[in-house]
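Each residue of the sequence shown is one higher than the one before, counting from 1 in UniProt numbering. Ideal placement from N, C-alpha and C gives every residue a C-beta, glycine not left out. Computed from a predicted structure; not experimentally measured. A quick write-up on the structure given underneath.
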Amino acid sequence: MTTSALRRQVKNIVHNYSEAEIKVREATSNDPWGPPSSLMSEIADLTFNTVAFAEVMGMLWRRLNDSGKNWRHVYKALTLLDYLLKTGSERVAHQCRENVFTIQTLKDFQYIDRDGKDQGVNVREKVRQVMALLTDEERLRQERTNALKTKERMALEGMAIGSGQLGFSRRHGEDYSRSKGSPSSYNSSSSSPRYTSDLEQARPQTSGEEELQLQLALAMSREEAEKVRPLPGATQEVPQLGWGWHGEETEGGRRSD
1 MTTSALRRQV KNIVHNYSEA EIKVREATSN DPWGPPSSLM SEIADLTFNT VAFAEVMGML
61 WRRLNDSGKN WRHVYKALTL LDYLLKTGSE RVAHQCRENV FTIQTLKDFQ YIDRDGKDQG
121 VNVREKVRQV MALLTDEERL RQERTNALKT KERMALEGMA IGSGQLGFSR RHGEDYSRSK
181 GSPSSYNSSS SSPRYTSDLE QARPQTSGEE ELQLQLALAM SREEAEKVRP LPGATQEVPQ
241 LGWGWHGEET EGGRRSD
């Protein structure tokens, strides 16, 4: 388990994030690879649930408002948003149009990395693609139709493969329901309480991981304490309502997870 993954799991527990929020955080992490299509598909399905929809979009807006070293948060959030516009609830497009200014401002996103490369070009290109869908209803409708056909075809192919595996197992006298990675074992694990699953994943495997996990938890506790402790003579800011979310823990230029 990488340090960033461990830190992310600890934060998920400390901040009591919901299942939907955890999935969005995972899909839009700072890891140097794109979000898995299987994970984005799960998130798209969640947008059809009223409560989960609000949680998914809330976390997405937070990621979209990140900047600097966390440019991957922004890029992956746009990638996920593009996917949700095509395969998720129609409410995704409706909410994006209501908050289109947040997306439009990213057309000027810039970040030069330590090698002198402008990583902002990836963000700007993805913004162009997302805006093209939001401003052309006919194109979005066609993209959603194509995506639905593709999803249905893949589901049918998956069912056919699953049926073949089940028949093979039965012919060889295997108890398929107890085999590792079987549909029944997956459903059983996925139906278990979220906190139990998170705690099991975050459980340290070595003494080194245990020490690192403890240090991360202590560091986050100190950060939370400092956030609520007013500075001498400082004027407390009044929070702004709306979609003006801020990136997570980017003080001092440290990369967030």
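Distance between residue j and residue i (C-alpha atoms, nearest Å)
| i | j | result |
| --- | --- | --- |
| aspartate 118 | glutamine 110 | 7 Å |
| asparagine 65 | valine 130 | 16 Å |
| threonine 28 | arginine 139 | 26 Å |
| valine 121 | leucine 106 | 10 Å |
| lysine 151 | glutamate 19 | 23 Å |
| threonine 50 | aspartate 113 | 39 Å |
| glutamate 248 | glutamine 95 | Bear in mind that the predicted position of glutamate 248 carries a pLDDT of just 43, short of 50, making it unreliable; the figure below should be weighed with that in mind. Cα-Cα distance, rounded: 22 Å. |
| leucine 148 | valine 92 | 16 Å |
| alanine 52 | alanine 160 | 30 Å |
| arginine 141 | leucine 85 | 10 Å |
| tryptophan 33 | aspartate 115 | 19 Å |
| arginine 153 | serine 38 | 15 Å |
| isoleucine 13 | glycine 158 | 33 Å |
| residue 269 | histidine 15 | Because the chain here runs from 1 to 257, residue 269 falls outside it and cannot be looked at. |
| alanine 155 | arginine 144 | 16 Å |
| alanine 54 | lysine 69 | 27 Å |
| isoleucine 22 | glutamine 9 | 9 Å |
| glutamine 104 | glycine 58 | 18 Å |
Cβ separation of residue i and residue j, assumed to be a contact under 8 Å, to the nearest whole Å
| i | j | result |
| --- | --- | --- |
| threonine 102 | tryptophan 61 | 7 Å |
| arginine 7 | tyrosine 17 | With a Cβ gap of about 13 Å, arginine 7 and tyrosine 17 do not count as contacting. |
| asparagine 30 | serine 4 | 6 Å |
Beta bridge counterpart(s) of residue i as assigned by DSSP
| i | result |
| --- | --- |
| aspartate 118 | Ile112 |
Cut-off 6 Å between Cβ atoms - residues of its own chain near residue i, not counting five sequence neighbours on either side
| i | result |
| --- | --- |
| leucine 231 | Because the pLDDT of leucine 231 is 48, which lies under 50, any placement of that residue in the model is unreliable, and the number read from its coordinates should be weighed accordingly. The answer is none, since no qualifying residue turns up. |
| lysine 11 | none |
| phenylalanine 48 | Ser89 |
Where the alpha helix (DSSP H) containing residue i begins and where it ends
| i | result |
| --- | --- |
| arginine 101 | Correcting the residue type first, residue 101 is phenylalanine in the shown sequence and not arginine. Unbroken alpha helix (DSSP H) run through phenylalanine 101: 100-104. |
| histidine 73 | 71-87 |
| tryptophan 61 | 50-64 |
| threonine 3 | 3-14 |
| serine 37 | 37-46 |
| lysine 23 | 19-27 |
Contact set for residue i: own chain, Cβ-Cβ below 7 Å, skip 5 residues either direction
| i | result |
| --- | --- |
| valine 100 | Leu134 |
| valine 123 | Trp71, Val74, Tyr75, Leu78, Leu106, Phe109 |
| arginine 97 | Leu134 |
| valine 56 | Ala20, Val24, Ile43, Leu46, Thr47 |
| arginine 63 | Thr28, His73, Val74, Ala77 |
| lysine 180 | With a pLDDT of 45 at lysine 180, under the threshold of 50, the predicted position of this residue should be treated as unreliable, though the coordinate-derived value follows. Closer than 7 Å at the Cβ level, and outside the excluded window around lysine 180, lies no residue. |
The ligand ADP heavy atom lying under 7 Å from the CB of residue i
| i | result |
| --- | --- |
| leucine 46 | With respect to small molecules bound, the structure shown includes none, and the ligand ADP cannot be examined in it. |
Close Cβ partners of residue i (< 8 Å) along its chain, the five nearest in sequence each way excluded
| i | result |
| --- | --- |
| leucine 80 | Val24, Ala27, Thr28, Pro35, Met40, Ile43, Leu60 |
| aspartate 82 | Lys126, Gln129, Val130, Leu133 |
| aspartate 136 | none |
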